[in-house]
Every structure is written in C-alpha cells, then in structure tokens.
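Structure first, then comments.
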Amino acid sequence: MSSQYTIPLWNIDVGEAAAEGVAEAIRNRHISQGALTEAFETELARMLDVPYALCTTSGTVALMLSLRLLGVEPGDEIILPARSWVATANAAMLLGAKPILVDIEASRPVIDPWLIESAITPRTRAIMPVHLNGIGCQMDAIGAIGEKYEIPIVEDACQAIFSRQGARYLGTFGRLGCFSLGLAKMLPTGQGGVIVCHDRADYETLCALRNQGQRGGNLGDQIYMLGGNFKFTDMQAAMGLAQLPIIPRRIEHQLALQKVYEDGLCELPGMQPLSADATQGEHPLRAEWLCTWRHELLKTLNNHSIHAVAQGLGLHELPHIQPLLPMDAHFPNANRYSATFVTLPSGPEQPLENAQRTVDVLRANHPSASL
C-alpha cells in the first residue's frame with residue numbers, strides 16, 4: 148500500500164498458512180512443478196466441478212494456450228468484447244490472430260450476445276466471452292450461437308473464479324475456461340493461471356503445450372509437438388492450496404462490501420453500481436461503479452487519502468488495436484464505460500469500515516450536497 152493512502156485500493160492477505168505452506172515446499176524441495184501442483188489442480192477441478200484443471204504461468208498464457216489448442220494461427224479471427232482487460236486481446240494477437248470487437252451490454256460490463264452473430268465470418272475460430280468482475284455473460288445465448296456455427300467458446304473468467312451462474316461456475320460452460328491467480332484476484336498465488344476443460348484429449352494436448360510439447364513430465368518423454376515452458380511451481384501451488392478453505396469467507400466478505408457501497412451510494416445522482424447478482428451465485432471481485440462526476444470523485448477521495456482509480460480505455464481505444472478496426476466501428480456502451488468507470492476500495496481483507504468511510508466522504512462531498 149502506498150503511504151499516500153490510509154485506505155488502499157486493494158486489500159488481501161494470503162495468510163500465515165500460505166506462508167508456511169510455501170516454506171514447507173521449499174524445505175521439502177518442492178520447487179518446480181510437481182506433486183503439489185497436481186494436488187492443487189485436482190482440488191480446483193473438484194471445486195469447479197470439471198474433469199480437468201491445468202495450472203500455468205498467468206491468465207494471459209492460459210488464454211493463449213487455449214487458443215493454440217484450437218489451432219488458431221495468423222489471419223484467424225477471435226470475437227471478444229470491446230470492454231476487457233488488454234490480456235484478452237493480447238492472447239489472440241500474440242498468435243497472429245485478429246480480435247473482432249463486439250460492444251458490451253448497456254447495463255452490464257459483458258459482451259452483448261445479440262451482436263455476436265453479425266461479427267462471425269469464415270475466419271472466426273473462437274468466441275471469447277469475458278466475465279468481468281465476477282459478472283457472468285449470457286452463456287446460454289452465447290453457447291447456442293457457438294453450437295449453431297460450430298465455433299468453440301473460450302471463456303475468459305480471469306476475474307470470476309468461483310463465481311456462478313445458477314448451478315454452474317463461470318468458466319465451465321465453454322469448451323475451455325481460463326482463470327487468473329494474480330495478486331488482485333480472489334485466489335492469488337503471486338502470478339498464475341488455470342485452464343479448465345471437459346475432454347481428455349484437450350487436457351493432454353494442453354499439458355504438452357505447457358511443457359515443450361512432451362507427452363509426459365519426464366526429461367526422457369517423447370516430444371511430439373511445438374510447445375513452451377509455461378509450467379506452474381509447487382511453491383505457488385502450496386500458496387493456493389492453503390487459501391482454498393477460506394474462499395467462502397472471502398466471497399461472503401466481498402458481497403458484504405458490495406452491500407455497504409450499494410446502501411450508501413445508489414441514491415446519489417450520477418452513481419450506477421456494476422453489481423454482481425448474488426441470487427445467481429455471482430460475487431464481485433472489486434467495487435466497480437459508473438460515475439458521471441468521476442473527476443470530482445477521484446479528487447475528493449484522494450484529498451481524504453482514499454485510493455480509487457478510473458478504469459482504463461476500452462480495447463477499441465488502444466493504439467495497437469485501433470488500426471485493426473473497421474472505419475465504421477462503433478461501441479457506444481463501451482465508450483460510456485470508458486468515460487465513467489471507477490473502482491472504489493475493495494478486496495477480501497478490506498475492512499467494512501473502510502468502505503463505509505468511503506461512502507461517508509462521497510455523500511458529504513457529492514456535487515448536490517452544496518446545492
């Protein structure tokens with residue numbers, strides 16, 4: 148946390164059990180990918196109710212390996228939302244594929260499924276819905292489109308691990324689903340990513356892609372395809388295993404934070420929450436809002452030593468993506484988010500008192516308060 152702020156933007160503590168787990172892994176020489184990684188993958192698969200889970204170096208790499216599994220190559224097209232973290236597009240572009248952007252819904256920061264079909268061409272190789280901040284895309288509609296056109300679905304659930312849509316977890320609807328284990332996530336292992344899948348052949352190919360194209364994990368095993376070194380480590384796995392028992396508490400706390408902000412800010416003019424739907428099993432990663440007076444909000448919170456940020460540009464506004472867009476590309480909903488999107492203090496260990504303090508400051512300094 149920067150000394151500039153008394154209330155940080157993100158607050159998480161991996162806990163003493165995680166620290167001891169990492170130390171024990173080092174003492175037992177469980178340093179590279181091995182038995183602890185396998186145990187972590189097995190437990191993740193069990194918790195997410197999927198046959199296979201595979202850990203890799205980051206969420207970005209998880210997305211890239213998933214597309215590589217599908218045979219994505221230069222000139223192919225990947226459909227994804229105009230609003231996402233840049234890693235979604237980068238994963239496709241690193242393989243030479245072209246991101247085809249679709250606008251998001253008006254009231255939720257996820258791809259509008261009714262705009263997907265018009266973006267499909269003979270070069271479309273995958274549809275990549277992104278579940279931002281634990282908020283799920285309309286997977287029934289997207290799945291039906293994928294089935295109709297025989298296009299695989301790769302879910303970017305990097306911000307949505309353990310968030311559900313009814314009985315199923317986000318990231319488990321498509322052929323492949325990807326999660327992030329980065330610092331500002333629900334299950335941080337420093338860095339890391341997870342791919343889940345349902346097919347044994349897909350899993351075995353992903354294992355080979357992760358390990359230089361080898362069929363097994365031993366030095367003498369046959370190399371039968373192009374791959375790389377995208378392996379996890381047992382030290383990271385130890386950190387992850389130690390945190391799995393406290394995931395329910397973290398989810399409960401995130402929902403409590405969401406309620407504090409909603410109770411205090413929803414009635415303020417110019418404030419719109421981007422809330423996870425707890426009735427469907429969603430839970431938020433961060434407290435994200437649309438704010439028409441964002442500049443004043445950020446200035447006010449900064450003056451009170453409270454850290455909040457304006458979220459970045461949409462994918463369609465980034466300099467390495469703009470040249471790929473058609474001249475008539477138009478993303479009104481994504482543009483609105485770019486102009487008003489803000490993140491308030493969040494995190495599984497963010498005290499509720501910090502959220503309430505943030506609410507109190509904003510209520511006292513809202514532009515209407517001086518009228």
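Counting with my numbering, you get residues 148 to 518 for the letters of the sequence shown.
All C-beta atoms in this analysis are idealised placements derived from N, C-alpha and C, irrespective of residue type, glycine included.
Keep in mind the model is a prediction, meaning the values are calculated, not measured.
Could you check the C-alpha separation between residue i and residue j for me, to the nearest Å?
| i | j | result |
| --- | --- | --- |
| residue 162 | residue 390 | 8 Å |
| residue 402 | residue 491 | 14 Å |
| residue 428 | residue 153 | 32 Å |
| residue 180 | residue 331 | 23 Å |
| residue 341 | residue 195 | 11 Å |
| residue 176 | residue 466 | 45 Å |
| residue 156 | residue 357 | 34 Å |
| residue 386 | residue 406 | 29 Å |
| residue 336 | residue 377 | 15 Å |
| residue 483 | residue 347 | 42 Å |
| residue 251 | residue 241 | 24 Å |
| residue 266 | residue 410 | 39 Å |
| residue 485 | residue 457 | 9 Å |
| residue 206 | residue 222 | 23 Å |
| residue 254 | residue 421 | 8 Å |
| residue 280 | residue 188 | 23 Å |
| residue 493 | residue 178 | 32 Å |
| residue 512 | residue 447 | 7 Å |
| residue 208 | residue 297 | 24 Å |
| residue 398 | residue 369 | 43 Å |
| residue 443 | residue 433 | 21 Å |
| residue 502 | residue 436 | 14 Å |
| residue 380 | residue 190 | 16 Å |
| residue 544 | residue 165 | The requested residue 544 does not occur in the structure, where the chain is confined to residues 148 to 518. |
| residue 388 | residue 169 | 10 Å |
| residue 354 | residue 218 | 15 Å |
| residue 293 | residue 514 | 46 Å |
| residue 239 | residue 268 | 16 Å |
| residue 198 | residue 507 | 47 Å |
| residue 226 | residue 278 | 14 Å |
| residue 430 | residue 464 | 28 Å |
| residue 498 | residue 510 | 19 Å |
| residue 518 | residue 404 | Note on residue 518: pLDDT 39, under 50, position unreliable in the model; no value is reported. |
| residue 360 | residue 489 | 42 Å |
| residue 312 | residue 459 | 27 Å |
| residue 314 | residue 259 | 22 Å |
| residue 201 | residue 310 | 19 Å |
Cβ of residue i less than 9 Å from any chain B Cβ?
| i | result |
| --- | --- |
| residue 401 | No chain B is present in this structure, which holds just one protein chain. |
Kindly give me the distance between the Cβ atoms of residue i and residue j, rounded to whole angstroms, as I take these residues to be in contact under 8 Å.
| i | j | result |
| --- | --- | --- |
| residue 275 | residue 301 | 5 Å |
| residue 487 | residue 438 | 5 Å |
| residue 131 | residue 304 | Residue 131 is absent from the model: the chain starts at 148 and stops at 518. |
| residue 383 | residue 339 | 5 Å |
| residue 244 | residue 264 | The Cβ separation is near 19 Å, so there is no contact. |
| residue 273 | residue 248 | Incorrect: roughly 14 Å between the Cβ atoms, too far for contact. |
| residue 500 | residue 158 | Their Cβ separation, rounded to whole angstroms, is 12 Å, which puts residue 500 and residue 158 out of contact at 8 Å. |
| residue 214 | residue 352 | Not really, about 12 Å apart at Cβ, beyond 8 Å. |
Using DSSP bridges, identify the partner residues of residue i.
| i | result |
| --- | --- |
| residue 246 | 225 |
| residue 303 | 277 and 325 |
| residue 370 | 361 |
| residue 154 | 453 |
| residue 312 | 315 |
| residue 512 | Answer is none; residue 512 lacks a bridge partner. |
| residue 488 | 437 |
| residue 342 | 201 and 325 |
| residue 376 | 358 |
Closer than 8 Å is the cut-off here; do at least three beta carbon pairs connect the region 408-419 with the region 456-474? no
Are the region 367-386 and the region 318-325 in contact at 8 Å, needing three or more beta carbon pairs? no
Specify whether the region 392-400 and the region 442-456 touch according to this definition: at least 3 beta carbon pairs, one from each stretch, less than 8 Å apart. no
Tell me the start and end of each unbroken alpha helix (DSSP H) in the region 226-295 that is at least 4 residues and wholly inside, in chain order. 234-240
Counting Cβ pairs, one atom from each stretch, are 3 or more of them under 8 Å apart for the region 232-240 and the region 284-291? no
Which runs of the beta strand (DSSP E) fall wholly inside the region 394-459 and span at least 3 residues, in chain order? 418-420 and 434-438
Could you pull out every unbroken beta strand (DSSP E) segment of at least 3 residues lying fully inside the region 156-213, listed in chain order? 199-203
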